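Just so you know, we're using the numbering used here here: the sequence shown kicks off at 4 and counts up by one.
Note that CB positions come from ideal geometry on N, CA and C, so glycine has one too.
No experiment lies behind these values; they were computed from the predicted model shown.
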Amino acid sequence: MNTPKMQTPPLPKGTRDFYPESMRIQNFIFDIWRKAALRFGYEEYEGPMFEHLELYTGKSGEEIVSQLYDFKDKGDRHIALRPEMTPTLARLVIQKGNSLKKPFKWFSIPRLFRYERAQKGRLREFFQLNLDIIGTESIYAEADLLSAIAYMLMDFGLKTEDFSIGVSSRKLLNAYLAEIGVSEVSKVYPVLDRRLKIEKEDFYSELAATGLSLEQTKKLDQFMDSKSIEEVEAKISSDESKAALDEIKQLFKTLQASGAGKSITLDLSIVRGLAYYTGIVFEVFDKGKSMRAIAGGGRYDSLCEKLGGDKVPGVGFGMGDVVLANLLEERGLLPSSKQSLDFFVASFTNDMDKIFEVAGKFRKLGYSVNHPLSPTKLGKQMEQANAQGAKVVVYVDGEKAPAGGFEYKVLSTGTLGAGTLEEIAQLKV
Ligand code: HAM
Numbered sequence: 004m005n006t007p008k009m010q011t012p013p014l015p016k017g018t019r020d021f022y023p024e025s026m027r028i029q030n031f032i033f034d035i036w037r038k039a040a041l042r043f044g045y046e047e048y049e050g051p052m053f054e055h056l057e058l059y060t061g062k063s064g065e066e067i068v069s070q071l072y073d074f075k076d077k078g079d080r081h082i083a084l085r086p087e088m089t090p091t092l093a094r095l096v097i098q099k100g101n102s103l104k105k106p107f108k109w110f111s112i113p114r115l116f117r118y119e120r121a122q123k124g125r126l127r128e129f130f131q132l133n134l135d136i137i138g139t140e141s142i143y144a145e146a147d148l149l150s151a152i153a154y155m156l157m158d159f160g161l162k163t164e165d166f167s168i169g170v171s172s173r174k175l176l177n178a179y180l181a182e183i184g185v186s187e188v189s190k191v192y193p194v195l196d197r198r199l200k201i202e203k204e205d206f207y208s209e210l211a212a213t214g215l216s217l218e219q220t221k222k223l224d225q226f227m228d229s230k231s232i233e234e235v236e237a238k239i240s241s242d243e244s245k246a247a248l249d250e251i252k253q254l255f256k257t258l259q260a261s262g263a264g265k266s267i268t269l270d271l272s273i274v275r276g277l278a279y280y281t282g283i284v285f286e287v288f289d290k291g292k293s294m295r296a297i298a299g300g301g302r303y304d305s306l307c308e309k310l311g312g313d314k315v316p317g318v319g320f321g322m323g324d325v326v327l328a329n330l331l332e333e334r335g336l337l338p339s340s341k342q343s344l345d346f347f348v349a350s351f352t353n354d355m356d357k358i359f360e361v362a363g364k365f366r367k368l369g370y371s372v373n374h375p376l377s378p379t380k381l382g383k384q385m386e387q388a389n390a391q392g393a394k395v396v397v398y399v400d401g402e403k404a405p406a407g408g409f410e411y412k413v414l415s416t417g418t419l420g421a422g423t424l425e426e427i428a429q430l431k432v
């Protein structure tokens, strides 16, 4: 009896296959990310894709913990696939202690996992560029990170008017909460974070449930609507609030000087879902806010301490690949996903050994080269060359070739010619 043919399992929900054409786009994004990070003096690091569960529980924030992919391994350890990079970075910092010379600037492009409701801009497996500065409380660290965001988005071809970087401060919000008599803030923050996603009534009733009076909620609501530094200035009175606002003022001033000022706006409605932020927080959106956040981050001066290490200040951000790619596609800024090759090596006589010999010579010079993998009619070889995006076809056995040289055809113009290897190498434009 025949066993029934197996049904191929489908692609898991919220994940992607990267066929070569998608991989080319992905690499385009990674290349620009990596070049921008290096240009700003960040060094690359990596960590494992899974960690002990307790690295996340209690420190990262309710939402992200509820989305963990976790399991017991064969040694009965409770493991979680990493949903973000920051706790891993904190672990790396704690492990090396004082042997790491601070401050330092590091970047990474981790593959992350979150059990999200998969939707546009949100997947269960995605990549995220992380830039972080460890070991300084200086506001110029924030300035460096925000400049890097603005510059790298421009590297992708976006204009300053295509995106906006909203800046807020947990320090300022904390100080203002204290001013209006709210001292127990841990339950308040998750509600503030949802403020623009829920109905006004629910915002009011959820805050009432955390113990806030109607008066306090109204003040908070108006405070979070503030659109300018002057407006905030008029609403605050304590020294702590003023000091936190001064920090924002300095940041905006430096960002003007760095050339990134045009994209930066004050947005006190930004709270951020993650629990560990202590100071400046920020989110990057497309200008019309028609998509989810492109990036988000902030200062986390107590995370290392909470994870069992010394107190080491940190600040950084994560920029996901999914929303960014959607935005670039919408603006027509993604490159062609077609293959491209410098040379295709062909033969009139199917001399395969000669093909391998000549291909090797061009590859030694650093060019990308392909050729047929079995004896094939010339017409088919030309079809392959075109399909693979070759710029020039080199014939290994053309009769008009000079001694030691080759006949060739430039595919974009149809120009035929003959020359030495070096002369042909120059054609690759
Ligand atoms: P986050 O706001 O959770 O922050 O994520 C940052 C960015 O990652 C988001 O703005 C979004 O572009 C992308 N992202 C998040 N979740 C998904 C998803 N399910 N699918 C696709 N893209 C997603 C953090 O992760 C912080 N650890 C960032 C950070 C670094 N803070 C300090 N240093």
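Sequence-distant residues of the same chain with beta carbon closer than 7 angstroms to residue i, five excluded per side
i    : result
P193 : E65
R85  : M52, F53, E54, T91, P113, L115 and F116
S266 : A153, T163, F166, S167 and I168
K16  : A121 and R127
A178 : S241, E243, S244 and A247
Residue i - containing alpha helix (DSSP H), residue span
i    : result
E187 : Looking at the DSSP string, E187 is not in any alpha helix (DSSP H), and its letter there is neither H nor E.
Y411 : Element bounds for Y411: not the alpha helix (DSSP H) but the beta strand (DSSP E), F409 to V413.
I433 : Nothing about residue 433 can be reported from this structure: the residues present for the chain run from 4 to 432 only.
D249 : D242 to S261
V170 : It is not in any alpha helix (DSSP H) - V170 instead sits in the beta strand (DSSP E) that spans F166 to S172.
F53  : Taken as a continuous stretch (DSSP letters only), F53 belongs to no alpha helix (DSSP H), being part of the beta strand (DSSP E) at F53 to H55.
E146 : In the sequence as presented, Glu is not what sits at residue 146; that position holds Ala. Start and end: I142 to D158.
D205 : K203 to A212
T358 : The amino acid at residue 358 is misidentified as Thr; the sequence shows Ile. Taken as a continuous stretch (DSSP letters only), the alpha helix (DSSP H) holding I358 covers M355 to K367.
V325 : D324 to E333
V348 : Taken as a continuous stretch (DSSP letters only), V348 belongs to no alpha helix (DSSP H), being part of the beta strand (DSSP E) at L344 to A349.
T220 : L217 to M227
D34  : P23 to R42
Y192 : V191 to R197
I183 : First-last for I183: undefined, no H or E at that position.
V68  : E65 to S69
Residue i versus the options, residue with shortest Cα-Cα distance
i    : options                   : result
A212 : E218, K190 and Q225       : K190
G50  : S111, Q131 and L148       : S111
E234 : D270, T257 and Q259       : D270
F285 : L424, A153 and E426       : A153
F166 : A393, A296 and T18        : A296
T379 : T352, S244 and L175       : T352
R42  : P7, W109, S69 and G61     : W109
V287 : D249, G317 and L327       : L327
Q391 : G323, D289, S340 and K123 : S340
A356 : F346, D345 and P375       : Here residue 356 is Asp; the residue named in the question, Ala, does not match the sequence. Nearest C-alpha to D356: P375.
V433 : K200, K8, L58 and Q70     : The question about residue 433 has no answer here: the residues shown for the chain are numbered 4 through 432.
D324 : P23, A93 and N133         : N133
R173 : A246, I358 and Q122       : A246
L368 : Y59, K383 and D345        : D345
E386 : G138, A349, V399 and S371 : A349
V318 : F206, Y59 and I136        : I136
Y118 : P106, Y59 and S69         : S69
V361 : F409, F320 and S377       : F409
L414 : L258, F365, S343 and L215 : S343
A393 : L103, F129, S371 and D400 : S371
L175 : E202, L223, E128 and E218 : L223
S377 : G363, I358, R366 and F365 : I358
R334 : R27, Y398 and K290        : K290
L58  : L180, K77, R94 and F347   : R94
F107 : Y48, S171 and E236        : Y48
S171 : I427, T268 and G262       : T268
R27  : E236, T11 and L337        : L337
L331 : G417, V188, P316 and M294 : M294
N-terminal and C-terminal residue of the beta strand (DSSP E) that residue i is part of
i    : result
N133 : E128 to I137
Y398 : A393 to Y398
V440 : Here the chain comprises residues numbered 4 to 432, so residue 440 is not present and cannot be evaluated.
S111 : F107 to S111
A298 : A298 to R302
D73  : D73 to K75
R120 : From DSSP, R120 is part of no beta strand (DSSP E); its letter is neither H nor E.
I82  : H81 to L84
I267 : I267 to L269
Neighbourhood of residue i by C-beta distance below 8 angstroms, restricted to the same chain and skipping five residues each side
i    : result
Y279 : K62, S63, G64, T89, Y303, S305, L306 and K309
A39  : A151, Y154, M155 and D158
Q131 : E87, M88, I112, P113, L115, G321, M322, G323 and D324
I142 : E250, Q253, L254, T257 and I283
Same chain, Cβ closer than 6 angstroms to residue i, five either side skipped, listed in chain order
i    : result
R80  : none
E209 : V194
> Would the region 297 to 310 and the region 213 to 233 be scored as touching if the rule is three or more Cβ pairs under 8 angstroms?
Replying inline: no
> Pairing CB atoms from the region 32 to 43 with CB atoms from the region 154 to 161, are three or more of them under 8 angstroms?
Replying inline: yes
> Does the region 251 to 258 touch the region 129 to 146, meaning 3 or more C-beta pairs lie closer than 8 angstroms?
Replying inline: yes
>> Does the structure place the region 415 to 425 close enough to the region 390 to 404 that three or more beta carbon pairs sit under 8 angstroms?
In response: yes
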